[in-house]
Amino acid sequence: MNNSINASDLRSVSPHEAPLKGVSKTFNDLIETSKNLPSTSSELGSVLLNVNELKKRAAELRAKNVKNKSPHHTRAHYLLAGSGLAIQDVESSLKTLESRQLLEQNVQNKVPDGDLDTYLRNKKDENILSSIEQSLSLAAKDFDNFVNANFNLDWKKHKEEVKRSFLGLVWKSDPNHKSPTSVSEPSFMTWPKKGSGILDGESKLNINENYVVREKFEKYARIINRFNNARQLHNNFPLTTEFITLFQNSADYKQRQLLEAWKILDNYRLCSDSMNIVDISKGYLENQFMDYVDNLYTKNGNEGLPTNINKIKSFIDCKLKNPNNTWKFGNLTIVNGVPVWALIFYLLRAGKFQEALEVAINNKLSLKKVEQSFLVYFKAYVSSKDKRLPQEFITRLHTEYNQHIKNSLDGDPFRLAVYKIIGRCDLTRKNISAITLSVEDWLWVHFMLIKDGISSDDPVYERYSLVDFQNIITSYGSSSFNNHYLQVLLLSGQYELAVQYAYTINEIDAVHLAIALADYKLLKVAANVTDDEFVTSPTGERKINFAKILGNYTKSFKFSDPRIAVEYLLLIALAHEDSQIELAHEALRELVLDTKEFTILLGKINRDGTRIPGIIEERQPLLYLADKEDFLHKITEQAARRADENGRVYDSLLLYQLAEEYDIVISIVNKLLSEMLSNTDLAQPLMRQDDNSETNPVLIAKKLIDVYIKNLEISKKVHRKNKETCILLLKLVDIRRTYIARQWQNTLQQIEELDLLPSVEDSSPRKKAQEFHNLDDCIIKNVPNLLIIAMTCVSNLIKQLSKGPFSNGATQAQVEALKKVANNYMIYRGMIQYKMPREVYNTLINIEVDL
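Residue numbers (my numbering): 399 to 1249.
Listed below in structure tokens is the structure:
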């Protein structure tokens, strides 16, 4: 089985070409509602004009009206309709004005300018026009009030809803969120609220944002695909090593930080399961330091044997000497040109304990009197398995440290560091201020001072645990560690905080860091999905909503790359806990329902009834499902039930079929077909030319019955009554087709063959009425319409026979026989009338009267 992801599966989708899916219905509603708003524009323009201008405008409007041959008040009458002003009155007034304008043209040449009668007449016309405009204005205002009173739309609320409809943008009006135009990084420890579903969360990530992001997404996806392939075959897969290859050649400081994080995790992969966090991290820091020393030794081209001692000597010369070959520390213990205590300290730092002891023994004669007992302590320390001194040595060493080493003004700072480390001295002051330490050195010193298994019997001054160190780190915060905070969190075992902080660097990298930590069983995973990706219990224990993290990440590409989405959602079950396995199942069900990619995800049913599995079923072992039946029940059938509960009938229909619940499929089809038959007007066809077998119940039923009857295995899973009901409903479809074609005799013949309604026999009505109550509900619902069809056919046949050119005894006998059938129908109707709608009952009576 090949589950590799091809290049076609990782196709690049341009963010400009990708359609906006899931845009809220609010936007469409808002557009439709806005069309009802009144317009204050008018072809009349302003009416506040003088007499001469009015005459000019009126002439222009008349010319336009004549040209268009249409009244010029078509817009105004809609507004006037609700104002109480009759449009006929307005039209009459306008016609009066037009007649007066014609009189003006005739009298204009006879009456000189300044004529009082002309002025008064014009003034009167002006007043009339002013009144009309006022009426129009009042009507428009009344209409506005009507809209506000009846539609009662909160436009501000709708405006915000429309904004949020586009890709879930959050706008400035929301005081709890930043504008989408903001480019500032999210502050550490601050996380937005998410939806309740696994795939319902919010994610600012867009994997199709640009080529760089898309390429990174695809590289990670290929690794995850190979990782799942290996898991399915029970093979080991070096996940962290694969991730390291993505960052090897990066020079960006953020990417280098992630590279170090992956190296730390790779170190965990290589270490023994019995090792604790402190020992693993301490060993990593020691190896890291020795690698640096090796590279420096090679770079400087030192002569002599490349022993660990010579390499550390070379390192000391580079780091502790000034350019003029003098030592940076004036109080170092120098023996034969070598600072002995510094050499011992850095050999310990590199994890070379035997070499450090060798240096101490070789320089025994150079040790001061107060230092003579040090060799005894050091031998005991190096030879112990847990690198801890016996209690008797601890007491003596602490005494010497406090009396002679701690406050020595001319003491070697590296001597103090060595004493402090092997004796865990003066833990109230854990830092070694006299020596400049890097972040890695600082971490290593603290790991050397931490003691596991602290009991109440231990003195307070000797108590220093990993939890204490973790609290120190979090109290300092990320700003104290520059670009090393991610490594510090990982090395100190604060994995949940490490993932959380990684989100401030890059979400894609943070998600895959969480995946690697989950694979190594280092994450504390929340049992239930909540709104937040990171939760803290009342006791202060941090946990990760691992399912939510993967769900939010998957949301960014579930529509464009559903196959890859499956690969990531499978990882929810990495924890091997029942709660996480169930969350993985739920996430996959959500993916199926959200994307509707049923064929890709769940498979398909061929024409012959054979089933081809989808990608989820191919990954069945990674979902901890026993067999195919378990898969169909836990994933496909549950998704079908969810779709059914949400009213997505056609989706549930397909999902039940993929779940091989064929009897449920037929039941749903029967209901759809019955509803269609009972609710469609008898004069309307049940199918159109553009109907297809995925949405039309008639075509669906025909297709399924054909497959289910031919395939014996499927047929066995369908109840006989459901099959018979479906076949009967399809016969009703044929009857409707014949009826619409006005083939009355053929329609009656088909009804007779159906054997639902009474025949000519006298005893038939009562018998059929008794059988009626045993029919399937889907059939019962369509009996009323069947009666109307039958009575209509009888009525039309009687009319045809009565109006025929030849009337004889045979014709009359046919008419009487038809009336007998109609009478039986009406008797039958009376026996089941309470099962029929009142309008059907009335229709049948009217048809009977016309016979």
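Idealized CB from N, CA, C, for every residue including glycine.
Ile732 and Leu864 look like a contact to me (Cβ under 8 Å); what is the Cβ gap, rounded to whole Å?
Locating residue 732 in the sequence shown gives position 334, where the first residue counts as 1. Locating residue 864 in the sequence shown gives position 466, where the first residue counts as 1. Their Cβ separation, rounded to whole angstroms, is 37 Å, which puts Ile732 and Leu864 out of contact at 8 Å.
Using the beta-carbon count (16 or more within 10 Å), is Met390 buried or exposed?
The structure shown does not extend to residue 390, since the chain spans only 399 to 1249, so no value can be given for it.
Pick out whichever of Ser781, Arg813, Cys823 and Lys777 has its Cα sitting closest to the Cα of Thr797.
Taking the sequence shown and counting its residues from 1, the one referred to as residue 797 is at position 399. Residue Cys823 is the option with its Cα nearest to Thr797.
Span of the beta strand (DSSP E) around Ile1003:
If you number the sequence shown from 1, residue 1003 lands on position 605. Gly1001 to Ile1003 is the span of the beta strand (DSSP E), which, as asked, contains Ile1003.
Per-residue burial, Gly821 [other beta carbons within 10 Å of its own, 16 or more giving buried]:
On the sequence shown, residue 821 is found 423 positions in, with the first residue counted as 1. Gly821 is buried by the Cβ-count criterion.
Does the Cβ of Phe641 have 16 or more other Cβ atoms within 10 Å, making it buried, or fewer, making it exposed?
On the sequence shown, position 243 is the one that residue 641 refers to. Buried is the call here.
Is the beta carbon of Pro737 closer than 8 Å to that of Phe635?
Along the sequence shown, one-based indexing puts residue 635 at 237. Along the sequence shown, one-based indexing puts residue 737 at 339. It is not a contact, given that the beta carbons lie outside the stated cut-off.
Assuming Ser679 and Leu889 form a contact by the criterion Cβ under 8 Å, report the distance between their Cβ atoms to the nearest whole angstrom.
Counted from its first residue, the sequence shown places residue 679 at position 281. Counted from its first residue, the sequence shown places residue 889 at position 491. Yes, they are in contact, since the Cβ atoms of Ser679 and Leu889 sit about 4 Å apart, within 8 Å.
Please name the residue in Arg1086, Ala1037 and Val1096 whose C-alpha comes closest to that of Ile1064.
On the sequence shown, position 666 is the one that residue 1064 refers to. Ranking Arg1086, Ala1037 and Val1096 by Cα distance to Ile1064 puts Val1096 first.
Counting only the same chain and skipping the five closest in sequence on each side, list residues whose C-beta sits under 6 Å from that of Val990.
Reading the sequence shown from its first residue, position 592 is the one you call residue 990. Hits under 6 Å: Leu999 and Ala1037.
For Thr588, does the three-state DSSP call read helix, strand or coil?
Walking along the sequence shown from the start, residue 588 turns up at place 190. Legend: pLDDT at Thr588 = 38, less than 50; position of this residue unreliable, value from coordinates given subsequently. When DSSP states are grouped into helix, strand and coil, Thr588 belongs to the coil group.
Going by DSSP, what residue range makes up the alpha helix (DSSP H) through Phe932?
Taking the sequence shown and counting its residues from 1, the one referred to as residue 932 is at position 534. First-last for Phe932: Phe932 to Thr934, but that is the beta strand (DSSP E), not the alpha helix (DSSP H).
Could you have a look at Pro1011 and say whether DSSP puts it in helix, strand or coil?
Working through the sequence shown from its first residue, we reach residue 1011 at position 613. Pro1011 falls in the strand class under three-state DSSP.
In terms of DSSP beta bridges, what is Pro1235 paired with?
Sequence index remark: in the sequence shown, residue 1235 carries index 837 (1-based). Answer is none; Pro1235 lacks a bridge partner.
Given Leu1056 as reference, the closest of Phe996, Gln1082 and Leu703 once Cα atoms are compared:
The residue you call residue 1056 lines up with position 658 of the sequence shown. Out of Phe996, Gln1082 and Leu703, Phe996 has the C-alpha closest to the C-alpha of Leu1056.
Sorted by chain position, which residues of the same chain lie with C-beta nearer than 6 Å to Cys669's C-beta, five sequence neighbours on each side aside?
Position 271 of the sequence shown, counting from 1, holds the residue named residue 669. Contacts found: Ile678.
I'd like to know whether the C-beta atoms of Asp1042 and Thr1123 end up nearer to each other than 8 Å.
Sequence index remark: in the sequence shown, residue 1042 carries index 644 (1-based). Sequence index remark: in the sequence shown, residue 1123 carries index 725 (1-based). Result no, Cβ atoms of Asp1042 and Thr1123 do not sit closer than 8 Å.
Just how far apart, CA to CA, sit Val933 and Lys941?
Here residue 933 refers to the residue found at position 535 when the sequence shown is read from its first residue. Here residue 941 refers to the residue found at position 543 when the sequence shown is read from its first residue. C-alpha separation (whole angstroms): 5 Å.
Any idea which residues DSSP pairs Arg786 with across the strands?
Residue numbering aside, residue 786 sits at position 388 when the sequence shown is read from its first letter. Arg786 pairs with nothing; no bridge assigned.
Are the C-beta atoms of Leu841 and some chain B residue less than 8 Å apart?
Absence of chain B from the displayed structure is noted, only one protein chain being present.
Nearest candidate by alpha-carbon position, reference Asn708, set Asn720, Tyr695 and Asn805:
Locating residue 708 in the sequence shown gives position 310, where the first residue counts as 1. For the residues Asn720, Tyr695 and Asn805, the minimum Cα distance to Asn708 belongs to Tyr695.
Our contact map puts His974 next to Lys1032 with C-beta atoms below 8 Å; I'd like the distance itself, whole angstroms only.
By 1-based counting over the sequence shown, the position of residue 974 is 576. By 1-based counting over the sequence shown, the position of residue 1032 is 634. Contact doesn't hold; Cβ gap of about 17 Å is too wide.
Alpha-carbon spacing of Val923 relative to Lys785, whole angstroms
Here the question's residue 923 lines up with position 525 in the sequence shown. Here the question's residue 785 lines up with position 387 in the sequence shown. Their Cα atoms are separated by approximately 33 Å.
Thr1241 in three-state terms, based on DSSP:
Mapped onto the sequence shown, residue 1241 falls at position 843. In the structure shown, Thr1241 sits in a helix (DSSP, three-state: H, G or I).
What would DSSP say about Ile596, mapped onto helix, strand or coil?
Position 198 of the sequence shown, counted from the start, is the residue given in the question as residue 596. When DSSP states are grouped into helix, strand and coil, Ile596 belongs to the coil group.
Stretch pair the stretch 652-663 + the stretch 1003-1012: three plus CB contacts closer than 8 Å:
no
Between Ile596 and the rest of its own chain, which residues show a CB-CB distance below 7 Å, the 5 nearest in sequence each way excluded?
Taking the first residue of the sequence shown as 1, we reach residue 596 at position 198. So the qualifying residues of the chain are Val927, Ala945, Lys946, Gly949, Leu981, Glu984, Ala985 and Glu988.
Status (buried if at least 16 other CB within 10 Å, exposed otherwise) for His1117:
Walking along the sequence shown from the start, residue 1117 turns up at place 719. His1117 comes out exposed.
Here's the rule I'm using: 16 or more other beta-carbon atoms within 10 Å means buried, otherwise exposed. How should Lys419 be labelled?
Residue numbering aside, residue 419 sits at position 21 when the sequence shown is read from its first letter. Confidence in Lys419 is poor, its pLDDT being 40 and thus under 50, which makes the residue's placement unreliable; the coordinate value appears in the next sentence. Lys419 is exposed by the Cβ-count criterion.
Just checking my contact of Lys1166 with Tyr1226 at CB under 8 Å: how many whole Å lie between their CB atoms?
One-based indexing of the sequence shown puts residue 1166 at position 768. One-based indexing of the sequence shown puts residue 1226 at position 828. Contact between Lys1166 and Tyr1226 holds: CB atoms are separated by about 6 Å, below the 8 Å threshold.
Which residue wins for smallest C-alpha separation from Asp929, given the options Ser601, Ser1113 and Tyr1137?
As a first step, residue 929 is located in the sequence shown; it is residue number 531 there, counting from the start. Checked all of Ser601, Ser1113 and Tyr1137; the closest Cα to Asp929 is Ser601.
Across the stretch 708-718 and the stretch 758-766, are there enough close Cβ pairs to call them in contact, namely three or more that are closer than 8 Å?
no
Whether Lys1217 touches Leu1249 by CB criterion (8 Å)
In the sequence shown, the residue the question calls residue 1217 occupies position 819. In the sequence shown, the residue the question calls residue 1249 occupies position 851. Yes, Cβ-Cβ distance for Lys1217 and Leu1249 is below 8 Å.
By a C-beta neighbour count over all protein chains shown, 10 Å radius and 16 as the cutoff for buried, is Gln978 buried or exposed?
Residue mapping note: residue 978 aligns to position 580 of the sequence shown, counting from 1. Answer is buried; the Cβ neighbour count reaches 16.
Can you name the start and end residues of the beta strand (DSSP E) that Lys1165 belongs to?
In the sequence shown, residue 1165 corresponds to position 767, counting from 1. Careful: Lys1165 lies outside any beta strand (DSSP E), inside the alpha helix (DSSP H) at Ser1162 to Phe1170.
Do three or more CB pairs link the stretch 825-836 to the stretch 763-783 at distances below 8 Å?
Output reads no: the stretch 763-783 does not touch the stretch 825-836.
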